[in-house]
């Protein structure tokens, strides 16, 4: 069976919504009001066609039922705000609103969005008992950053957290069921929701990082849309530095994420400006080189005929050839291809014209913004590709042929090759400014300072690395930082020619072709190997290798770690470094290029000024300055519009009851050693491994902690042997006198029972419970004073031959006691206690409490007034009335023990421990009582039936229903259980009908 709402469901979205809304706690009441409007009528008073005499006003009133989440009512009176860090006003206000509404938090980078998210997650963890709290981020470094913040700031238990980044983990369902706080990516949550591994109704809090991505069909949008089908009682907190580029994109984010309020702050906001680090912007406009102007002019001459043709056809605007825009040409070509009304011949003619203008626009962009080297790599590749295809007849595009075969382009090729042959040639004026800024920065800057240079193109990034490395300045060590994809290889003329050449039909031709292909492949491998060796020999070899093959996650992690450690102090990044890099030592940002997207510009500049003041240098050429100023101006106006309440928000559920008014409790949270260890981790992969180990319950051994334990010597204390260590309470130092306790009524009169022995006695004690019983017996005191003899009797020798009931005891280690004697026992007694032959003191230790109760019930089971004389204690053992105590022991017990220290049997005694450890069997009567108690405790059906029958018979005789009890006597009742049914085996009963009537009317079974 497919999960509800999964990909295999036969229901469409509308049917799913109508079905699932029945279980959603949101109630929408829609009111439609019709209002008249003026209309035009003809001479007959009829309304003219096409007009409506009224319009409808639709009003929707949204209410919410009580939440289905199980709330922890003890914690609803307050919410916790950690004071481990500085309490900032804007963070405090945003947290207060985010607990009760779905908030989109848009504050500048480095201003503590992760702290806000961690605080909200902590309080929903405390408010609910089983609610799931999910943090989603698009990249692994951002997930690791939030794990570090959440575990290191809030102290949420590790065993309640989980990290889900691996889509192939087998026990995913178990993790979702057993954990409460999750750190993951939106794709993982979307997949688990669709396949039924995660119950959407369990989610109580959803935190979304980089929320400006929640547009179109991105995973953020799909997750929220799926959860809304089943529950609206969950909190959404969206985090971003830039909510959108325009008002339409912001409104789309609000709608897709069910946002009910936006909390936006700028760098000029009153409550945030005092916490902002100073970030100085410096704009530098770079003039183009003369060589660049010459190349641009020559390109314009070559493309001018094509541009005029496009203008005449009305497919491109009239402009100077140097102002051709690649993006506009691409947009026009897409419109033409998508238009079905244009004939195919005209459509594709116009498409090829615009395609060429697009290529020329890319060439102009590269030469104006990035320089001659980047331009020539693109130009030569496109020229070689077209001329090869056109020469082989694989292309018939005469418009492109008119451009690429223009004589002036040969001059461009020759001029570029000549300039690039010089290794010291700088293809753009920006490169010279980069050098000068780096030299000046490291000359007057700190030794631990870092620099990040941003550019969009990989080719440009590698050129910057080579340029900086060629400075031969010992304080500067650059490296490239790009994505995982391999670099685009240029057009392979040899492979294309061979693949499109006649292959021949003969076997000889095929074999010859196979040999040639093998030789070509071997030559390629040798050439690539030789190039790799050459790259390794250069200082920029690792950057060149990364540009050619891409950087794996492992390589990216190594480069970032080396950058933090100072091995590299200049990082040249593409767009991959715009989000997620949190390096506080970055003091300088150089934007080699700029874009019309305010999000990219703000993300770049936000990499500095996080822990200390920073500086941003913006290098402009061509029309970049205008694009940057226009983008930032539009974003500033957008922020003002957002604060004017012109957006349409979604109403959200409060979740906690309206009568609950939580008050803020500012509290300093104690961070454990493990949490502090997470705070000290700089590597994102190490943080992820730590969280994964905590999720799986593995004991993680920290290298740092192990070293600290080894280096620290443990303090030693020297004390005498057998001394009590540790803290001794005052109770152990005070001799207590027990007050008389009220005697409890006994279950039965057991004192008249005889002491009977029916089985041999074990010779040794077994088990720790028996030792506990003996220790308890040693503290019993005689109930009445025992008369001391005038002269101490001689030592009694007791052996098993004297009485078969006396156990054979081996010498045991004396039990320790905290009770101190006023005077030590005589040497003779002490010697007897440790002699190998059993003595009376050994017998006292050997007899358990249960045995004493059975043998002398008058002394231990009845009130003092009913007890018999004490001269018959264990007289059967010693053949006299002296009992088992020596005169010294009798005198000691008489002095220190009283009648109030005896033991009374409660109404429902627990004899399980005594029966297990007794060494002298009970009498037949006592054993019967014990068996009865055990059967009642175990709820034995046979015993209960027997007792109920006996009770019913007694009542029948008492009430006169049965005349003679003898008629109801039967032999011992034996039953057998078969298939959980009780069947009697045999009984003698002459009045079965009367007995059944009694059982049916007055039975407790």
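Numbering (the working numbering), first residue to last: 12 to 1016. We treat Cβ as the ideally placed atom computed from N, Cα and C, and that holds for glycine.
- In the structure shown, residue 616 adopts helical secondary structure according to DSSP, grouped into three states.
- Residue 970 has its alpha-carbon roughly 26 Å from the corresponding atom of residue 953.
- Under the DSSP assignment, residue 558 falls in the alpha helix (DSSP H) whose first and last residues are 552-560.
- Distance from the CA atom of residue 250 to the CA atom of residue 269, rounded to whole angstroms, is 14 Å.
- If one requires a minimum length of 3 residues, the beta strand (DSSP E) runs lying completely within the region 409-490 are 461-465, in chain order.
- By the criterion of a C-beta distance shorter than 7 Å, residue 372 is surrounded in its chain by 335, 336, 337, 340, once the five residues flanking it on both sides are discounted.
- Counting along the chain, residue 947 sits inside the alpha helix (DSSP H) bounded by residues 935-949.
- For secondary structure counted as the beta strand (DSSP E) over 3 or more consecutive residues, the region 645-671 holds no complete run.
- Taking 8 Å as the cut-off, the Cβ atoms of residue 115 and residue 353 do not count as close.
- For residue 599, the enclosing beta strand (DSSP E) covers residues 597-602.
- The three-state secondary structure of residue 93, taken from DSSP, is strand.
- In the DSSP assignment, the residues bridged to residue 218 are 146, 248.
- Straight across, the Cα-Cα distance linking residue 516 with residue 524 is about 11 Å.
- Minimum Cα-Cα distance from residue 132 among the listed residues 217, 84, 522 corresponds to 217.
- Runs of beta strand (DSSP E) with 3 or more residues, each lying fully within the region 61-129, are found at 65-75, 89-93, 114-117, listed in chain order.
- According to the DSSP assignment, residue 294 belongs to the beta strand (DSSP E) that extends over 290-296.
- Annotation for residue 45: 65, 67 place their beta carbon closer than 6 Å to its own, counting only its chain and skipping 5 residues before and after.
- For residue 40, the enclosing beta strand (DSSP E) covers residues 37-47.
- In the structure shown, the three-state DSSP call for residue 241 is coil.
- When the Cα atoms are used, residue 560 and residue 83 turn out to be separated by approximately 54 Å.
- According to DSSP, residue pairing for residue 531 in a beta bridge does not occur.
- For residue 630, there is no enclosing alpha helix (DSSP H); the residue is part of the beta strand (DSSP E) that begins and ends at 625-631.
- Rounded to the nearest whole angstrom, the CA to CA distance from residue 457 to residue 465 is 21 Å.
- Judged by beta-carbon spacing, residue 707 lies beyond the 8 Å limit of residue 262, meaning their Cβ atoms are not closer than that value.
- In the structure shown, residue 674 falls within a strand segment according to DSSP collapsed to helix, strand and coil.
- Residues of the same chain with a CB within less than 6 Å of the CB of residue 209, apart from the 5 flanking positions on each side, are 187, 203 in chain order.
- Of the candidates 50, 51, 75, the residue whose Cα lies closest to the Cα of residue 40 is 75.
- Of the residues assessed, residue 448 falls on the buried side of the cut-off, its CB having 16 or more other CB atoms within 10 angstroms.
- DSSP, reduced to helix, strand and coil, places residue 330 outside both helices and strands of the structure shown, so it counts as coil.
- Residue environment for residue 470: buried (at least 16 other C-beta atoms within 10 angstroms of its C-beta).
- If you draw a straight line from the Cα of residue 243 to the Cα of residue 664, it comes to about 7 Å.
- Using a Cβ distance threshold of 8 Å, residue 633 and residue 379 count as a contacting pair.
- Note that the region 148-159 touches the region 685-699; at least 3 beta-carbon pairs, one per stretch, sit closer than 8 Å.
- The distance from the Cβ of residue 399 to that of residue 474 is about 26 Å, inconsistent with a contact at the 8 Å cut-off.
- By the Cβ neighbour-count rule, residue 86 is buried, with 16 or more other Cβ atoms within 10 Å of its own.
- Judged by DSSP in its simplified three-state form, residue 194 adopts strand.
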